[in-house]
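Student: Start counting the sequence shown at 670; every next residue gets the next number (the numbering used here). Glycine residues also receive a C-beta, built at the ideal position from the N, C-alpha and C atoms. Predicted model only: the values in this text are computed from it and were never measured.
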Amino acid sequence: MTETPAPAGPVGPADPDDRDDRHDPAGPVDPTELSLWRPLRLLQASMDEEIGRVYAEVPVEGLRPSFVPELLRLHARGPMTITELAESVRHTHSALSQKVAAMRRAGWVETAPGADARSKEVALTAKAREVVGRLAAEWEATEAALAELEAEIPYPLSRVVEDIERALARRSFHERILGRLAGDPRWR
């Protein structure tokens, strides 16, 4: 059996009534400083910066690394509506609509009215088609580097994600948060 390591750093009292910020001369406790997820967010931001450095070494003008998944998806599947593209990359329609607008301004995609008057179809531009091979090479190298990294650690992050998804299927994050708030008088 693998022993789960204790979380790094303070996590604060499980019961909000156990806190005693009334006598703290510095003032109340800032709950944002007690984030269990901060290390994960910082790790992802750091790794994203490293990917950005790869693109900076062989610059592709106007390309944001965040555009790459959608550009690769459009290359693989051809033109798609914003709704189809959003669903395929698991983003909201609103978020992807904003990203498509930014990609269009940068010259990576073009949009045209879809078959339905309410929809827009998104397609790669010639500029995007010229670099998509490089983008695919980076994506594949990044995935290989992640696999290498996961092989070096005792409990791969992909397994952690799967375990969390199974736990959330049993009891949603929403339910867990509401369960904690039910006993907190500050929430009422």
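1. Since Ala-792 and Pro-748 are thought to touch, with beta carbons under 8 Å apart, how far apart are those beta carbons, to the nearest angstrom?
2. In this structure, how does DSSP classify Met-670 when only helix, strand and coil are distinguished?
3. At 4 residues or longer, what runs of the alpha helix (DSSP H) sit wholly inside the region 790 to 840?
4. Would the region 770 to 789 and the region 809 to 826 be scored as touching if the rule is three or more Cβ pairs under 8 Å?
5. If you follow the alpha helix (DSSP H) that Glu-844 is part of, which residue opens it and which one closes it?
6. The alpha helix (DSSP H) spanning Val-723 covers which residue range?
7. From Phe-842 to Ala-795, what does the alpha carbon distance come to, in whole angstroms?
8. Since Val-801 and Leu-741 are thought to touch, with beta carbons under 8 Å apart, how far apart are those beta carbons, to the nearest angstrom?
9. Closest to Glu-719 by CA distance: which of Glu-821, Gly-852, Thr-811 is it?
10. With the cut-off set at 9 Å, would you say His-744 and Ala-797 are in Cβ contact?
11. Closest to Ser-754 by C-alpha separation, out of Thr-780, Leu-847, Arg-774, would be which residue?
12. Quick check on DSSP: helix, strand or coil for Pro-782?
13. Which class does Thr-750 belong to by DSSP, given the choice of helix, strand or coil?
14. Quick one: what does DSSP say Asp-686 is sitting in, helix, strand or coil?
15. Under the rule that 16 or more other beta-carbon atoms within 10 Å means buried, what is Trp-777, buried or exposed?
16. Within 10 angstroms of its Cβ, does Ile-751 collect 16 or more other Cβ (buried), or is it exposed?
17. Go to Ala-695, then tell me how far its alpha helix (DSSP H) extends in each direction, as first and last residue.
18. Go to Ala-775, then tell me how far its alpha helix (DSSP H) extends in each direction, as first and last residue.
19. Cα separation between Gly-696 and Asp-853?
20. Could you work out which residue in Trp-856, Tyr-724, Lys-768 is closest to Glu-739 when comparing CA atoms only?
Tutor: Looking at the coordinates:
1. What you label residue 792 is simply residue 123 of the sequence shown in a count that begins at 1. What you label residue 748 is simply residue 79 of the sequence shown in a count that begins at 1. About 4 Å separates the two Cβ atoms, so the contact holds.
2. Position 1 of the sequence shown holds residue 670. Note that Met-670 has pLDDT 41, beneath the 50 cutoff, so the model's placement of it is unreliable and the number below is only indicative. Here DSSP, grouped into helix, strand and coil, assigns Met-670 to coil.
3. Here the runs fully enclosed are 795 to 821, 826 to 839.
4. Short answer: they don't touch.
5. Working through the sequence shown from its first residue, we reach residue 844 at position 175. For Glu-844, the enclosing alpha helix (DSSP H) covers residues 842 to 851.
6. Within the sequence shown, residue 723 is the residue found at index 54, counting from 1. Residues 707 to 726.
7. Walking along the sequence shown from the start, residue 842 turns up at place 173. Walking along the sequence shown from the start, residue 795 turns up at place 126. C-alpha separation (whole angstroms): 43 Å.
8. Position 132 of the sequence shown, counting from 1, holds the residue named residue 801. Position 72 of the sequence shown, counting from 1, holds the residue named residue 741. Under the criterion of beta carbons closer than 8 Å, Val-801 and Leu-741 qualify as touching, at roughly 7 Å.
9. Counting from one through the sequence shown, the residue named residue 719 turns up at place 50. Of the candidates Glu-821, Gly-852, Thr-811, the one whose C-alpha sits nearest the C-alpha of Glu-719 is Thr-811.
10. Here residue 744 refers to the residue found at position 75 when the sequence shown is read from its first residue. Here residue 797 refers to the residue found at position 128 when the sequence shown is read from its first residue. Going by beta carbons, His-744 and Ala-797 fall inside the 9 Å limit.
11. Your numbering for residue 754 matches position 85 in the sequence shown. The question names Ser, yet the displayed sequence has Leu at residue 754. Thr-780 is the residue among Thr-780, Leu-847, Arg-774 whose C-alpha sits nearest the C-alpha of Leu-754.
12. On the sequence shown, position 113 is the one that residue 782 refers to. It is a strand residue.
13. Reading the sequence shown from its first residue, position 81 is the one you call residue 750. In this structure, Thr-750 counts as strand in the three-state DSSP scheme.
14. The residue given as residue 686 occupies position 17 in the sequence shown. With a pLDDT of 47 at Asp-686, under the threshold of 50, the modelled position of that residue is not reliable, and the figure given next carries that caveat. Helix at Asp-686.
15. Along the sequence shown, read from residue 1 onward, the residue named residue 777 stands at position 108. So Trp-777 counts as buried.
16. Counting from 1 along the sequence shown, the entry for residue 751 is found at position 82. Ile-751 is buried by the Cβ-count criterion.
17. On the sequence shown, position 26 is the one that residue 695 refers to. Careful: Ala-695 lies outside any alpha helix (DSSP H) and carries neither H nor E.
18. Within the sequence shown, the letter at position 106 stands for residue 775. Neither: Ala-775 is in no alpha helix (DSSP H) and is coded neither H nor E.
19. Start at 1 with the first residue of the sequence shown, and residue 696 comes out as number 27. Start at 1 with the first residue of the sequence shown, and residue 853 comes out as number 184. Rounded to whole angstroms, the separation of the alpha carbons of Asp-853 and Gly-696 is 20 Å.
20. Taking the first residue of the sequence shown as 1, we reach residue 739 at position 70. From the listed residues Trp-856, Tyr-724, Lys-768, the smallest Cα separation to Glu-739 is found for Lys-768.
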